[in-house]
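Let me begin by presenting the structure, written as structure tokens, before commenting on it.
2 protein chains.
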Amino acid sequence: MTDKSSDAGKPIRTAITSEDGIDFAIIELFFFAYRDFTSDPDQILADYGFGRAHHRVLHFVNRRPGLTVAELLDVLKITKQSLARVLKQLIDTDHVVQLQGPRDRRQRELYPTAKGRALALALARPQSRRIRAALEDSGAAERTLVERFLEAMVNPELRAQIDVGSAKMSGKSHGEH
Amino acid sequence: MTDKSSDAGKPIRTAITSEDGIDFAIIELFFFAYRDFTSDPDQILADYGFGRAHHRVLHFVNRRPGLTVAELLDVLKITKQSLARVLKQLIDTDHVVQLQGPRDRRQRELYPTAKGRALALALARPQSRRIRAALEDSGAAERTLVERFLEAMVNPELRAQIDVGSAKMSGKSHGEH
DNA sequence: GAGATTATGTCAGTACTATTGACGTAATTT
DNA sequence: AAATTACGTCAATAGTACTGACATAATCTC
């Protein structure tokens, strides 16, 4: 700002760079990578009249069968009103079933059906293929490094919910790290 | 339960695993990581009445000052109708200015103002901090590995648009397609 | 047992981002 | 002169999210 008041609306012609110590490279790569990563299942979902929200629900119901509605809301960090529409559609189309909780009959445990399991796999397949391709020349060490990086990008409070190892959340002590 | 025809809607009680050769660990980590990564700027954007779309436009206008509307549409992969509202708001609030293209007067070159530059930096700061924290114990080699992984996750056709290195896209040496 | 709390469902209204399709205008190309 | 291109805009629709309010049944607490 060499001028005082007149350059408020002046165009800046120089590109922003890593000057300010900001990691634009990874910020941008993350955007492109995630966009393309989600575009694969989006194609399939369109055939069912589903969207990404359905994918996420289906994913977690398959990863943690028997989780309750409240647990699902907590994992997804959305409101029950947002979940309602999506979950209802998945139930109506026989991808997910609800069972009354055995201990607490107010709870609804969510389980995939064979149909829901199959769709979850179909949606995950191209994503997994993409990951495999991206890691194709890499060994186990590189893979672990990518996993650690992604995990470290998650808010610390939420890391407990994730379990890279075995997808079992039923209160097991699976100490991988 | 062990019926054949009637178990179409039966609950599957076992968790999906990496059995089928599907990389659920990274699929899930990518979801959580990206969600939290975008949540940082979302907080700031809310103060301006902006959303993520504004962030993306602001980001690329700062990264490639002088890019045209068509180029921006191509990078973002959205329609001009989607861009219109967002871009108009950024222009109306003096974050972005349009200049008539020097060679082709139909074109509108987009530039950030000082205000737009400042906001772009403010939005990128927490994201960059998060990345730095995630890589804190890592060296340059690990950083490069993460960059390579993310780049490999992007659709090959689009990798040309990205430039990890220096963020300079100023040379309009691009073939027009 | 009465009352409070919890788990879930649902209705209504709103916001943001995206889409397709159509049409208009000015500038450039053929 | 005609066609094409770059951009802008109007209208309608979809998908995902939000807040707030209210209902019901089950469980917990005193």
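Protein chains in written order, with numbering that gives the first Met the number 0: chain A, 0 to 176; chain B, 0 to 176.
Beta carbons are placed, not taken as given, at the ideal position from N, Cα and C, and that holds for glycine.
Please read these numbers as outputs of a predicted model, since none were measured by experiment.
For residue i, three-class secondary structure by DSSP
i, result
"R12 of chain A", "coil"
"P155 of chain B", "helix"
"L118 of chain A", "helix"
"L134 of chain B", "coil"
"T37 of chain B", "helix"
"T67 of chain B", "strand"
"A45 of chain B", "helix"
"R147 of chain A", "helix"
"R142 of chain B", "helix"
"I21 of chain A", "coil"
"D73 of chain B", "helix"
"I161 of chain B", "coil"
"A7 of chain B", "helix"
"T1 of chain A", "Unreliable placement is indicated for T1 of chain A, whose pLDDT of 46 sits below 50; no coordinate value is reported for it."
Boundaries of the beta strand (DSSP E) in which residue i is found, first to last residue
i, result
"E108 of chain B", "R107 to P111"
"Q97 of chain B", "V95 to Q99"
Residues bridged to residue i (per DSSP)
i, result
"Q126 of chain A", "Looking at the DSSP assignment, Q126 of chain A forms no beta bridge with any residue, so it has no partner."
Start-to-end residues for the alpha helix (DSSP H) that takes in residue i
i, result
"Q88 of chain A", "K79 to D91"
"A52 of chain A", "R51 to R62"
Backbone CA spacing between residue i and residue j [nearest angstrom]
i, j, result
"R105 of chain B", "L71 of chain B", "15 Å"
"V56 of chain B", "Q126 of chain A", "27 Å"
"D41 of chain B", "T92 of chain B", "18 Å"
"R129 of chain B", "K9 of chain B", "43 Å"
"R178 of chain A", "A7 of chain A", "The requested residue 178 of chain A is not part of the displayed model; chain A covers only 0 to 176."
"D136 of chain B", "I161 of chain A", "21 Å"
"I11 of chain A", "L120 of chain A", "48 Å"
"V85 of chain A", "F59 of chain A", "13 Å"
"I90 of chain B", "F148 of chain A", "37 Å"
"A117 of chain A", "K87 of chain B", "44 Å"
"G20 of chain B", "F31 of chain A", "25 Å"
"F23 of chain A", "L134 of chain B", "15 Å"
"H94 of chain A", "A113 of chain A", "8 Å"
"T13 of chain B", "I25 of chain B", "20 Å"
"P111 of chain B", "F36 of chain B", "23 Å"
"F29 of chain A", "Q99 of chain B", "32 Å"
"R102 of chain B", "L109 of chain B", "15 Å"
"V68 of chain B", "H54 of chain B", "16 Å"
"E146 of chain A", "A45 of chain B", "31 Å"
"A52 of chain A", "M152 of chain B", "22 Å"
"E156 of chain A", "V74 of chain A", "12 Å"
"V179 of chain A", "Y33 of chain B", "Residue 179 of chain A lies beyond the stretch modelled for chain A, which goes from 0 to 176, so this question has no answer here."
"N154 of chain A", "E27 of chain B", "14 Å"
"K76 of chain A", "T143 of chain A", "26 Å"
"I15 of chain A", "R63 of chain B", "8 Å"
"E18 of chain A", "A132 of chain B", "18 Å"
"G48 of chain A", "A83 of chain B", "27 Å"
Check: residue i C-beta below 6 Å from any heavy atom of the ligand GTP
i, result
"R51 of chain A", "This structure simply doesn't include the ligand GTP, nor any ligand for that matter."
Can you pull out the residues from the segment 89-104 of chain B whose beta carbon lies closer than 8 Å to at least one beta carbon of chain A?
With the criterion set as a beta carbon lying under 8 Å from some beta carbon of chain A, the members of the segment 89-104 of chain B are D93, V96 and L98, in sequence order.
In the segment 24-36 of chain B, which residues sit with their C-beta less than 8 Å from some C-beta in chain A, listed in chain order?
Taking 8 Å as the Cβ-Cβ cut-off against chain A, the residues of the segment 24-36 of chain B that qualify are A24, I25, I26, E27, L28, F29, F30, F31, A32, Y33, R34, D35 and F36.
Between the segment 139-154 of chain A and chain B, which residues of the former have CB atoms less than 9 Å from a CB of the latter, in chain order?
Within the segment 139-154 of chain A, the residues whose Cβ lies closer than 9 Å to some Cβ of chain B are E141, R142, L144, V145, E146, R147, F148, L149, E150, A151, M152, V153 and N154, listed in chain order.
Taking Cβ-Cβ distances below 9 Å as the criterion, which residues of the segment 46-68 of chain A are in contact with chain B?
Taking 9 Å as the Cβ-Cβ cut-off against chain B, the residues of the segment 46-68 of chain A that qualify are R55, H58, F59, N61, R62, R63, P64 and G65.
Residues of the segment 111-134 of chain A whose Cβ lies closer than 8 Å to any Cβ of chain B, in chain order:
For the segment 111-134 of chain A, which is checked against every Cβ of chain B, the residues closer than 8 Å are P111, T112, A113, K114, G115, R116, A119, L120, A123, R124, Q126, S127, R129, I130, R131, A132, A133 and L134.
Counting only Cβ-Cβ distances shorter than 7 Å, please list the residues of the segment 67-81 of chain B near chain A, keeping chain order.
Going along the segment 67-81 of chain B in chain order, one finds no residue with a Cβ nearer than 7 Å to chain A.
Using a Cβ-Cβ cut-off of less than 9 Å, list which residues of the segment 5-18 of chain B approach chain A; keep chain order.
Along the segment 5-18 of chain B, the positions whose C-beta sits under 9 Å from a C-beta of chain A are D6, A7, G8, K9, P10, I11, R12, T13, A14, I15, T16 and S17, read in chain order.
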